[in-house]
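Beneath this line is the structure, given in structure tokens, with notes to follow.
Residue numbers (this note's numbering), protein chains in the order written: chain A, 71 to 382; chain B, 5 to 341.
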């Protein structure tokens, strides 16, 4: 009777269309990708290389006099008077402690390897943060309202952003890892190319978890300034109260408490297990279990909220 | 089924309150018949966009109910979304994508199979004359081109009802006229029902079969543009004579004259059937020896209707901060081209 008809989109069709839209936008602006990669590279170069913790304990930084006097009371059993010790031998002894100390604290002997893997966590935090921002933009430009007037599932609107953040972060993580290897990242003996898949899986899980949170926060917001302030406030503790830059064990008790529930710590640990550390299977399983649980809980919350709050 | 074909949109006591205090739409009742162009006419902030957003299921009504093609907008939102097309006030196309990519994206959101959507995209781009620009990024489009792209996107699912929110906002006069032609063409081509909002009187007059004038969230009066103009009670005849005497009483006696006002020597006469009545007025004056020096006649425009019912002052109240902002942004982007 007329030319009209009704369409019932499959859940997947709409989700894929919206994800492709995001990816197209991304690919059309290579400058954004460049900046997104440049920032962690700068961190790696300026922070990772400049903060050369390993060198602090090398023989060059310990300048002992030729002869070092040591009180006899230090000896076992104690003796009276003072004994003389060969200074350069003592320096060498301390220098040998260095790598052992580094290994004890960081698990690896060079800080650069330690922190450049942490950079992947930073990428995940920033990429998911921007995916939350992009829904605010979509709302302001009216795109969101148009999408909401179509039969596409509300969950798909949220999940396309989540998926997009995950794909972006995985791509950037690849670049960062490759660059880190060029700049001197040392992989452990347990590393195999297959571990890269584990890296992707871990990155994917935290992307799902974090971007669900950021999107849920942005659902009703129409001001990117507010959103920016909120996510910045969250990102700071997420980044520093985690093992991204320093081992948790070195932190004061109260920060440790935060770091131990912080999902970023679990991602970073998983990534290190898979690349630079001697793989500890039980630790890795705990990391993945935590990341998986976090992703499931937050994405469920995100999708529930999107059903409830996307239509105002 | 018969009932459905008569009234495709029906609103009863539809109300929306923002932030528990700002009543944007206040218990409106109206119905739209199958195949007509129905217009919501009112100043900025009258509640037009809020009404449309409720009908397209983007906003929830605070009170009252409405149905679109028999589907309840609150309870059967999914069904409503499947049968309608929407051309929003803002330019919602993704600026980073090309026109073609935008149309295909819209099609995907409706779950249209790719084969069908490709064919339709080509047809629609042809219809709105954007074929030559289909592979250009939307950010390079002019305001008129964007509006046409929005029209094409709104039609991709062959909707039974197309909602147009301020379809010519921010466009220049020529582009506006061209857009009107597209709208007429689309209606002819697809035979659908159109629900539109506008604050341009000429637009409502040129396009709509029936209009409802809305102000402060309430429908003040409704009917066809002709009916509304007629409701004002006739044409306005303005007359001047050479003599410095009051002729008000004399003119009042002429048949069909309703009202006479002396405005500094010229007379403003409200009369039914002005074309027929004017000669009788002249004759009556001549018979008494008066000399008519000037005569002009105007038929009432929708403008007169508008002023009569909404009052003289055009309010510029923001509908909600958000709506106001998006409108401003649209205007800014339109003007920047």
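Note that the Cβ used here is the ideal one computed from N, Cα and C, for glycine as well.
Below-9 Å beta-carbon distance, residue i vs any chain B residue
i	result
residue 213(A)	yes
residue 217(A)	yes
residue 225(A)	no
residue 197(A)	no
residue 235(A)	no
residue 206(A)	no
residue 99(A)	yes
residue 88(A)	yes
residue 222(A)	yes
residue 84(A)	yes
residue 95(A)	yes
residue 91(A)	yes
Among the options, nearest to residue i - alpha-carbon criterion
i	options	result
residue 180(A)	154(A), 273(A), 292(A) and 119(A)	119(A)
residue 15(B)	29(B), 24(B), 23(B) and 22(B)	29(B)
residue 134(B)	267(B), 72(B), 308(B) and 156(B)	156(B)
residue 237(B)	189(B), 280(B), 263(B) and 296(B)	263(B)
residue 295(A)	207(A), 279(A), 212(A) and 307(A)	207(A)
residue 53(B)	171(B), 128(B), 117(B) and 181(B)	171(B)
residue 107(A)	364(A), 139(A), 190(A) and 144(A)	190(A)
residue 92(B)	101(A), 212(A) and 341(A)	212(A)
residue 297(B)	309(B), 265(B), 148(B) and 271(B)	271(B)
residue 95(B)	130(B), 42(B), 144(B) and 125(B)	144(B)
residue 139(B)	101(B), 41(B) and 239(B)	101(B)
residue 195(A)	380(A), 335(A), 353(A) and 348(A)	335(A)
residue 306(A)	380(A), 192(A), 229(A) and 200(A)	192(A)
residue 141(B)	253(B), 252(B), 114(B) and 97(B)	97(B)
residue 233(B)	248(B), 208(B) and 252(B)	208(B)
residue 157(A)	136(A), 346(A), 231(A) and 356(A)	136(A)
residue 360(A)	263(A), 285(A) and 338(A)	338(A)
residue 133(A)	231(A), 103(A), 164(A) and 116(A)	164(A)
residue 345(A)	264(A), 331(A), 95(A) and 380(A)	264(A)
residue 239(A)	289(A), 201(A), 218(A) and 376(A)	201(A)
residue 198(B)	44(B), 129(B) and 51(B)	44(B)
C-beta neighbour in chain A for residue i, strict 9 Å
i	result
residue 105(B)	yes
residue 21(B)	no
residue 340(B)	Caution is warranted here: a pLDDT of 45 is assigned to residue 340(B), below 50, making its placement in the model unreliable, and the coordinate value is therefore given only provisionally. So no, residue 340(B) is outside the interface.
residue 41(B)	no
residue 174(B)	no
residue 168(B)	no
residue 81(B)	yes
residue 64(B)	yes
residue 98(B)	yes
residue 1(B)	Residue coverage of chain B in this structure runs from 5 to 341, which leaves residue 1(B) outside it and unanswerable.
residue 161(B)	yes
residue 92(B)	yes
residue 212(B)	no
Own chain partners of residue i with C-beta closer than 7 Å, once the 5 adjacent residues on each side are dropped
i	result
residue 350(A)	343
residue 85(B)	61
Same chain, Cβ closer than 8 Å to residue i, neighbours up to 5 away in sequence not counted
i	result
residue 282(B)	241, 275, 299 and 301
residue 236(A)	273, 274, 277, 278 and 281
residue 69(B)	15, 16, 17, 18, 76, 77 and 78
residue 11(B)	35, 36, 37 and 38
residue 316(B)	Residue confidence is low: residue 316(B) scores 45 on pLDDT, short of 50, so the model does not pin down where it sits. Its coordinate-derived value is still stated next. Excluding sequence neighbours, residue 316(B) sits near nothing in its chain.
residue 379(A)	289 and 290
residue 235(B)	225, 227 and 309
Residue i, enclosing beta strand (DSSP E) - first and last residue
i	result
residue 200(B)	197-202
residue 11(B)	11-22
residue 31(B)	26-37
residue 223(B)	222-227
Cβ neighbours of residue i in the same chain (closer than 6 Å, five flanking residues each side left out)
i	result
residue 176(B)	none
residue 325(A)	311
residue 255(A)	183 and 186
residue 169(B)	53, 56, 92, 93 and 201
Residue i - containing alpha helix (DSSP H), residue span
i	result
residue 1(B)	In the structure as shown, chain B begins at 5 and stops at 341. Residue 1(B) is therefore absent and cannot be evaluated.
residue 274(B)	Residue 274(B) -> not in any alpha helix (DSSP H); beta strand (DSSP E) instead, spanning 270-275.
residue 230(A)	224-253
residue 219(A)	Element bounds for residue 219(A): n/a, residue is neither H nor E.
residue 149(B)	147-159
Cβ contact check for the region 156-166 of chain B and the region 102-117 of chain B: 3 or more pairs under 8 Å: yes
Given 8 Å, three or more beta-carbon pairs between the region 18-37 of chain B and the region 211-226 of chain B: yes
Segment contact, 8 Å Cβ cut-off, at least three pairs: the region 246-259 of chain A with the region 222-238 of chain A: no
The region 312-332 of chain A / the region 156-176 of chain A touching (three or more Cβ pairs under 8 Å): yes
Contacting positions in the region 230-249 of chain B - beta carbon closer than 7 Å to chain D: Annotation note: the requested chain D is absent from the structure, which comprises protein chains A and B.
Inter-stretch contact at 8 Å, needing at least 3 Cβ pairs: the region 133-149 of chain A / the region 79-95 of chain A: no
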